[in-house]
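Colleague: Before I ask anything, let me first share the structure, which is written out below as structure tokens.
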Amino acid sequence: MRELTLRVETPTIRINGNPYPLLLSDLELYTRVQALLAQCAALEGGERAPQAVLAAAQAAAALLDEALGAGATRAISGGAPVSLPLALEWLGALACEAAEHYAALAVAED
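This note's numbering applies: residue 1 is where the sequence shown begins, and numbers increase by one.
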């Protein structure tokens, strides 16, 4: 029987000195953060129904946990509540880092 061994990457990122697994690709993380930021920008111009703001806050926390592992948001905050603006700040920083990393890898492969 033939056998093939494929290289597997297990990317991690260090945040505030603690390692977290990156469970989404750079491109997927960047794209999803941009979509969430666009959703939140729409809240600024329109009616700010509490349900819409709460949904955006839940989506931001869920995306952080999906990207970094279950409980990451709580671990990073030290158990403190994370506001929507703070979660968006964190996601923005992750998206920037993801874009820079993706671009660096693309250039290195050429």
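Note that CB positions come from ideal geometry on N, CA and C, so glycine has one too.
Spell out the partners DSSP gives THR12 in its beta bridges.
Modeller: The partner list for THR12 (beta bridge, DSSP) reads PRO21.
Colleague: Starting from the Cα of GLY70, find the closest Cα among TYR20, THR31, ALA49, HIS101 and give me that residue.
Modeller: Position check: residue 70 holds Ala in this sequence, whereas Gly was assumed. Considering only alpha carbons, the answer is TYR20.
Colleague: Give the secondary structure of ALA70 by DSSP, where H, G and I count as helix, E and B as strand, and everything else as coil.
Modeller: Correct three-state label for ALA70: coil.
Colleague: Out of ALA75, TYR102, LEU86, point me to the one whose CA is closest to ILE15's CA.
Modeller: The option with the nearest alpha carbon to ILE15 is ALA75.
Colleague: Can you tell which of CYS40, ALA80, LEU54, THR31 has its C-alpha closest to the C-alpha of ALA67?
Modeller: Nearest option by C-alpha distance: THR31.
Colleague: For ALA104, count the other beta carbons within 10 Å of its own beta carbon; 16 or more makes it buried, fewer makes it exposed. Which is it?
Modeller: So ALA104 ends up on the exposed side.
Colleague: Which runs of the alpha helix (DSSP H), 4 residues or longer, sit entirely within the segment 84 to 109?
Modeller: Runs of the alpha helix (DSSP H) inside the segment 84 to 109: 84 to 109.
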